[in-house]
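Asks: For what it's worth, our numbering labels the leading residue of the sequence shown as 1, then goes sequentially.
No residue lacks a Cβ here, since even glycine has one placed at the ideal position from N, Cα and C.
Everything numeric in this text was worked out from a predicted model, so none of it was measured.
My structure is below; once you've seen it, I'll send some questions.
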Amino acid sequence: MTARFAAAGDAEDLLAIYAQYIDTPVTFETVLPSADGFRGRIKEISAFYPYLVLEEEGKIVGYAYAHRHMARAAYGWNAELSVYLDGAFLSLGIGGKLYSALIEICALQGIRTVYAGVTLPNERSERLHESLAFRRIGVYRNTGFKGGAWRDVAWFEKNIAPYSVPPSPVRPIGEVAEDAERILKKYFGETAALKI
């Protein structure tokens, strides 16, 4: 398997994976976005944050990305993470590798804390975050209504870099491209490709 940064042209393939989750509580979206809408999301997120895709023999089988956690300026050193895998590739350990690479790239940018929201129950996602030393910091009770039921969301956090004072600004992904490529190669071998 190889990993690289997502491109706008990946929208249809990523959307096909996301579609596998749209009728589940894993995502709180209730309507599948259009390909153009999804393409816009990829462009917007990847302008600053890492947006990774995982391929097997040229076919995208998963993706993971970071994005802004909260809007206020003081939250700028945080990021929220997401990972989605094609259903045929679950429980193989590749989600953890992809997520680990994403976290290391976030630290490289200067992000200090990463967060993830997990709709409960979701044993796979809960185990993934616990295995990567995230800690559960709380649960939003009955915070979303989907699939005919009120859903709880557990929040996980992981500290990934020192909290220097004052903190250096978080760098856009394009400024750390070479080091990010080394991280991808560490997890996915010399064939990993980087496209920003």
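1) With C-beta atoms as the reference, is residue 79 less than 8 Å away from residue 42?
2) Thinking C-alpha only, which one of 161, 122 and 90 is nearest residue 109?
3) What does the Cβ neighbour count give for residue 103, buried or exposed, with the cut at 16 atoms within 10 Å?
4) DSSP beta-bridge partners for residue 165?
5) Hey, is the segment 175-183 in contact with the segment 87-106, meaning 3+ C-beta pairs nearer than 8 Å?
6) Rounded to whole angstroms, what's the CA-CA distance from residue 167 to residue 146? Just pull it up for me.
7) Taking residue 197 as the reference, give the member of 151, 95 and 117 with the closest Cα.
8) So is residue 137 buried or exposed if we call it buried at 16+ other beta carbons inside 10 Å?
9) Work out the CA separation of residue 154 and residue 133 for me, nearest whole Å.
10) Pick out whichever of 121, 76 and 151 has its Cα sitting closest to the Cα of residue 169.
11) Is residue 64 near residue 82, with beta carbons less than 8 Å apart?
12) Taking all protein chains shown into account, do 16 or more other C-beta atoms lie within 10 angstroms of the C-beta of residue 121, making it buried, or fewer, making it exposed?
13) Excluding five sequence neighbours on each side, which residues of the same chain lie with their C-beta closer than 6 Å to the C-beta of residue 125?
Replies: Here's the rundown:
1) Here the question's residue 79 lines up with position 79 in the sequence shown. Here the question's residue 42 lines up with position 42 in the sequence shown. Not closer than 8 Å, so no.
2) By one-based count along the sequence shown, residue 109 stands at place 109. Ranking 161, 122 and 90 by Cα distance to residue 109 puts 161 first.
3) Reading the sequence shown from its first residue, position 103 is the one you call residue 103. Classification of residue 103: buried, given that the 10 Å Cβ count is 16 or more.
4) Residue numbering aside, residue 165 sits at position 165 when the sequence shown is read from its first letter. Answer is none; residue 165 lacks a bridge partner.
5) yes
6) Mapped onto the sequence shown, residue 167 falls at position 167. Mapped onto the sequence shown, residue 146 falls at position 146. In a straight line, the C-alpha of residue 167 is about 39 Å away from that of residue 146.
7) What the structure shows of the chain is the stretch from 1 to 196, and residue 197 is not part of that stretch, so it cannot be assessed.
8) Taking the sequence shown and counting its residues from 1, one reaches residue 137 at position 137. Result: exposed.
9) Here residue 133 is taken as the residue at index 133 of the sequence shown, counted from 1. Here residue 154 is taken as the residue at index 154 of the sequence shown, counted from 1. Going by the C-alpha atoms only, they are around 15 Å apart.
10) As a first step, residue 169 is located in the sequence shown; it is residue number 169 there, counting from the start. Of 121, 76 and 151, the residue nearest in Cα terms is 76.
11) Locating residue 64 in the sequence shown gives position 64, where the first residue counts as 1. Locating residue 82 in the sequence shown gives position 82, where the first residue counts as 1. A contact, by the Cβ cut-off of 8 Å.
12) Translated into positions along the sequence shown, residue 121 becomes position 121. Its Cβ having fewer than 16 others within 10 Å, residue 121 is exposed.
13) Along the sequence shown, one-based indexing puts residue 125 at 125. Answer for residue 125: 118, listed in chain order.
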